[in-house]
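Residue numbers (my numbering): 294 to 638.
Even glycine gets a Cβ: it sits at the ideal position worked out from N, Cα and C.
Nothing here was measured: the structure is a model prediction, and the numbers come from that model.
Have a look at the structure below, then the notes.
Here it is as structure tokens:
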């Protein structure tokens, strides 16, 4: 309290530092820590934060402490200045929260509408293809003969292309590029898998052929083994058969089962399984190539129209490859004339 001269009436001597802001913040932090320890001890998820709204970055107006007397009067239905102020603050905070949510919703809807407008104004593949075939029809008008036939062909191709794109749910140049890249990735995976299976089948067929060659050339080897005279001449005359025997014997010895026997049945089953899988992979490879040819034909039409209209836009390049995985010769499973189950070398 100040006197008429603006000087304090009383000169208080502070015996504590409770009025200091720093002390108050320490007390509030200690109180919050004690509350949170008890909450955690009781298994409760609630937590007390002693920081102000401003310190926590919360855009709200803080309410005023009412005290027990004000709360008692409010409970009895008596309106107080502090109670009215807090009710006003609470209403203002609710209004700010609703306004914030409404603004966020408005911005979200605005972005959706902008995207929709851009999508509606963006040319689709159907638009590009329609313009492309219109230009082809215009060129057909200059033909001396066959104009109507050319127009009918263009109309048929346009209808088939649009039907294909609708079936695949591809409507924009961006979706077309994504589809081509997706198929290109699938083709790489199929080609890699097919090459692995072809390599495995060649290995199995090599083992099966070794069985056939081994038993076909074994009599020549036994005849040489029983000879005492003329061995050199015999070796020279049957060099091919003997080399085949030694080669097949080496291959079979390297691939015996744990019991030391030739796993002929297992190799045949493996060859049959690999052949079936290779046939399925070749079928899938053929399907992907057919799809890629269709998509890349559409892509070329769109790029040609873009270049002609001076848009300066082209779709990203894709990896074009031939069916390199198709071998020139069909890999056949070599079958020996006789079965030799459990034969030991």
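Fewer than three pairs of CB atoms, one per stretch, sit closer than 8 Å, so the segment 546 to 565 makes no contact with the segment 509 to 518. In this structure, the CA atom of residue 444 is about 21 Å from the CA atom of residue 592. Per DSSP, the continuous alpha helix (DSSP H) segment holding residue 560 begins and ends at 557 to 601. Each of 448, 525, 332 and 479 was checked against the Cα of residue 425, and the nearest Cα belongs to 448. It is roughly 21 Å from the alpha-carbon of residue 339 to the alpha-carbon of residue 358.
Residue 506 is classed as buried because its beta carbon has at least 16 other beta carbons within 10 Å across all chains shown. By the CB criterion at 9 Å, residue 466 and residue 418 fall inside the cutoff. Within the same chain, 419 and 422 come within 8 Å of residue 455 by CB-CB distance, once the 5 residues on both sides are set aside. Contact annotation, residue 487 with residue 578: C-beta distance approximately 6 Å; criterion of less than 8 Å satisfied. Sequence-distant partners of residue 595 (beyond 5 residues in either direction) whose C-beta falls short of 8 Å from its own C-beta, in its chain, are 418, 421, 422, 425, 466, 469 and 608. In this structure, the alpha-carbon of residue 324 lies about 9 Å from that of residue 341. Shown here, residue 554 sits in a strand according to DSSP, grouped into three states. In this structure, residue 571 lies away from residue 483, with their beta-carbon atoms at least 9 Å apart. Closest option to residue 352, judged by alpha-carbon separation, among 394, 315, 502 and 398: 394. Collapsing the DSSP output to three states places residue 311 in coil.
Residue 574 is positioned such that its CB atom lies closer than 9 Å to that of residue 490. The alpha-carbon of residue 492 is positioned some 32 Å away from that of residue 513. The beta carbon of residue 464 is closer than 8 Å to those of 417, 418, 419 and 458 in its chain, skipping five residues each way along the sequence. For the set 391, 344 and 374, the Cα lying nearest the Cα of residue 317 is the one of 344. Straight through space, the alpha carbons of residue 392 and residue 401 are spaced by roughly 14 Å. Here the C-alpha atom of residue 385 lies approximately 59 Å from the C-alpha atom of residue 598.
Looking at the backbone, the Cα of residue 502 and that of residue 586 are separated by about 39 Å.
When only Cα atoms are considered, residue 377 and residue 406 end up about 43 Å apart. Residue 335 and residue 350 have their C-alpha atoms some 29 Å from each other.
Within the segment 354 to 384, the complete alpha helix (DSSP H) runs of at least 4 residues fall at 360 to 368. Beta-carbon to beta-carbon, residue 536 and residue 500 are separated by about 18 Å, too far to satisfy the 8 Å threshold.
By the 16-neighbour rule on beta-carbons within 10 angstroms, residue 541 is buried.
Taking each of 389, 504 and 372 in turn and checking the Cα distance to residue 543, the smallest one comes out for 504. DSSP, reduced to helix, strand and coil, places residue 337 outside both helices and strands of the structure shown, so it counts as coil. Nearest C-alpha to residue 390 among 354, 364 and 361: 354. If you draw a 10 Å sphere on the C-beta of residue 371, you find fewer than 16 other C-beta atoms in it, and that means exposed. Contact annotation: residue 383 and residue 356 have beta-carbon atoms nearer than 9 Å.
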